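S.K.: One structure follows; several queries about it will come next.
There are 2 protein chains.
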Amino acid sequence: MTVRRRGAALEDSILEAAWTELMSVGYARLTMEGVAARAQTGKQVLYRRWRNRAELVITAVRHHIGSVADQIPDTGELRSDVLAVLQRMTQRQRDLGPEILHGLMAEAPDLAPEFLTVIDGVMTTLLEQAEKRGELKVTDLPVRVVTLPADLLRHEMLLTRHPIAEKPLVDIVDQVFLPLVRASISSKVSD
Amino acid sequence: MTVRRRGAALEDSILEAAWTELMSVGYARLTMEGVAARAQTGKQVLYRRWRNRAELVITAVRHHIGSVADQIPDTGELRSDVLAVLQRMTQRQRDLGPEILHGLMAEAPDLAPEFLTVIDGVMTTLLEQAEKRGELKVTDLPVRVVTLPADLLRHEMLLTRHPIAEKPLVDIVDQVFLPLVRASISSKVSD
DNA sequence: CTCACTAGAGACGCATCGTCTCTTATGACT
DNA sequence: AGTCATAAGAGACGATGCGTCTCTAGTGAG
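Those protein sequences? They're chains A and X, same order as listed. For any residue, its number in our numbering is found by taking its place in the first sequence, counting from 1, and adding 251. For any residue, its number in our numbering is found by taking its place in the second sequence, counting from 1, and adding 251.
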């Protein structure tokens with residue numbers, strides 16, 4: 252070993268090695284030793300930075316695919332905005348695959364709550380945009396309805412092993428979300 | 252060792268040992284060796300019957316808490332029927348705890364689809380009962396809406412680490428499911 | 001009473017964990 | 001330029017659990 256890396260350069264190498272390892276052997280069979288070997292470094296270097304597999308992998312995943320909240324759609328219509336968000340979510344699931352998702356869910360307890368708050372924020376923004384356009388009143392909607400499209404999609408991701416097609420997304424929006432939004436508006440009138 | 256067990260007696264001992272082990276150390280730290288030791292038998296006896304940890308645990312769980320479909324509520328009203336099913340689901344989740352649920356989901360790919368079909372059948376029965384009473388027409392409802400209460404609850408179970416209270420169940424039924432059922436009926440009229 | 005079957009027990013080789021140790025490259029500070 | 005604390009690279013280490021294999025001796029069927 253002639254050159255010895257440090258700081259960010261080293262960390263990037265490790266995260267990239269972890270990602271490659273993740274893609275080639277999956278989560279269940281990813282080992283700290285494997286990552287260290289691929290990154291041409293020692294295990295101790297990994298354990299100095301992450302307490303376990305799960306934390307390392309989460310960092311690696313975040314490092315490679317950003318957050319759904321990174322860019323919020325604004326198409327001028329609530330329906331297509333929501334659909335766009337759901338599509339972004341499925342894209343991320345496709346990148347990871349179900350095995351990694353389940354593995355992380357089982358081993359990283361802190362991950363799930365974060366999913367919730369992130370999407371919550373995004374959906375709230377979408378609804379505020381719609382409200383500004385006069386499509387609806389945000390206050391009409393129970394929180395449960397606001398997070399519902401993402402919740403249903405997430406459920407689908409966790410319970411099926413295959414990547415999710417376009418149809419379920421459309422169904423969620425058209426058969427569940429939008430009817431509820433409409434019902435909420437008309438019930439407000441009859442109050 | 253004086254007495255040597257066989258057949259069902261032996262199998263029951265093992266399943267009970269597995270359950271006890273599950274309750275005392277959780278799923279992640281349950282080992283085949285631990286179960287064998289507690290059941291006072293050898294590992295080979297386990298491997299003769301189950302291919303791995305996940306299958307053994309699934310059998311043990313089924314052996315101790317039956318299926319949601321074991322008894323289908325019939326209270327005379329759709330709302331309370333659905334609530335009763337959701338309550339039975341949360342009861343089972345309480346018995347298991349989130350850690351076991353996640354562990355099994357990650358390691359036993361065949362488990363998830365089964366959840367889906369079981370609840371699907373139960374909900375369909377509830378709706379047929381309601382239809383017989385004249386509460387609604389089953390054909391009005393998209394499949395997505397039929398499975399929706401269970402789907403949402405399952406989502407909640409998988410994403411929160413604590414047992415689920417009564418309120419979310421009521422919210423799911425009153426803020427999401429029933430409004431959709433009603434909307435579906437009235438939209439049918441205006442078709 | 002005999003015998004095929006398999007329970008009970010644990011040794012085995014392998015993989016991986018997380019810790020520890022050792023040498024030596026590196027960059028910050030004189 | 002020279003010194004030095006720091007941490008990188010490498011791998012040995014004991015522990016643990018996997019899944020397989022082997023051996024013996026209960027046990028129920030006939």
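We put the CB at the ideal spot given by N, CA and C, even for glycine. As the structure is a computational prediction, the values presented were derived from the model and not from experiment.
Near residue 284 (chain X), which residues of its chain fall below 7 Å by C-beta distance, leaving aside the five closest residues on each side in sequence?
M.R.: 294
S.K.: Please list, in chain order, the chain X residues whose beta carbon lies closer than 8 Å to that of residue 406 (chain A).
M.R.: Those within 8 Å of residue 406 (chain A) in chain X are 402, 403, 405, 406, 409.
S.K.: With DSSP as the reference, label residue 429 (chain X) as helix, strand or coil.
M.R.: helix
S.K.: Taking Cβ-Cβ distances shorter than 7 Å, what residues in chain X pair up with residue 434 (chain A)?
M.R.: In chain order: 430, 434.
S.K.: Would you tell me roughly how many angstroms separate the C-alpha atoms of residue 375 (chain X) and residue 321 (chain X), rounded to the nearest one?
M.R.: Inter-residue distance for residue 375 (chain X) and residue 321 (chain X) is about 15 Å (C-alpha atoms, whole angstroms).
S.K.: Answer with yes or no whether the minimum CB distance from residue 302 (chain X) to chain A is below 7 Å.
M.R.: no
S.K.: Would you identify the three-state DSSP class for residue 279 (chain X), choosing helix, strand or coil?
M.R.: Three-state result, residue 279 (chain X): coil.
S.K.: Give the straight-line distance between the Cα atoms of residue 395 (chain X) and residue 262 (chain X), rounded to the nearest whole angstrom.
M.R.: 40 Å
S.K.: Of the choices A:414, A:350, A:326, A:410, whose alpha-carbon is the least far from that of residue 378 (chain A)?
M.R.: A:326
S.K.: What are the residues in the stretch 319-352 of chain X lying within 7 Å of chain A by C-beta distance?
M.R.: Residues: none.
S.K.: Would residue 278 (chain X) and residue 351 (chain X) qualify as a contact pair, given that the criterion is a beta-carbon distance under 7 Å?
M.R.: yes
S.K.: Just the chain X side, please: which residues come within less than 9 Å of residue 367 (chain A) by C-beta, in chain order?
M.R.: Simply 410, 411.
S.K.: Return yes when the Cβ of residue 406 (chain X) is within less than 7 Å of the Cβ of residue 361 (chain A), no when it is not.
M.R.: no
S.K.: How would you label residue 291 (chain X), buried or exposed, when you count the other beta carbons within 10 angstroms and need 16 or more for buried?
M.R.: exposed
S.K.: Please state whether DSSP places residue 396 (chain A) in a helix, a strand or coil.
M.R.: helix
S.K.: Could you say if the stretch 385-392 of chain X and the stretch 416-425 of chain A meet the contact criterion of at least three C-beta pairs nearer than 8 Å?
M.R.: no
S.K.: Short of 6 Å in beta carbon distance, which residues of its chain neighbour residue 358 (chain X), apart from the five on each side in sequence? Order them along the chain.
M.R.: 305
S.K.: If we define contact as Cβ-Cβ less than 7 Å, is residue 277 (chain X) a contact residue for chain A?
M.R.: no
S.K.: Could you name the residues of chain A that residue 308 (chain X) contacts, counting a contact when the two beta carbons are closer than 7 Å?
M.R.: Correct list: empty, because the minimum Cβ distance to chain A is about 13 Å.
S.K.: Measure the C-alpha to C-alpha separation of residue 270 (chain X) and residue 311 (chain X) and round it to an integer number of angstroms.
M.R.: Approximately 6 Å between the Cα atoms of the pair.
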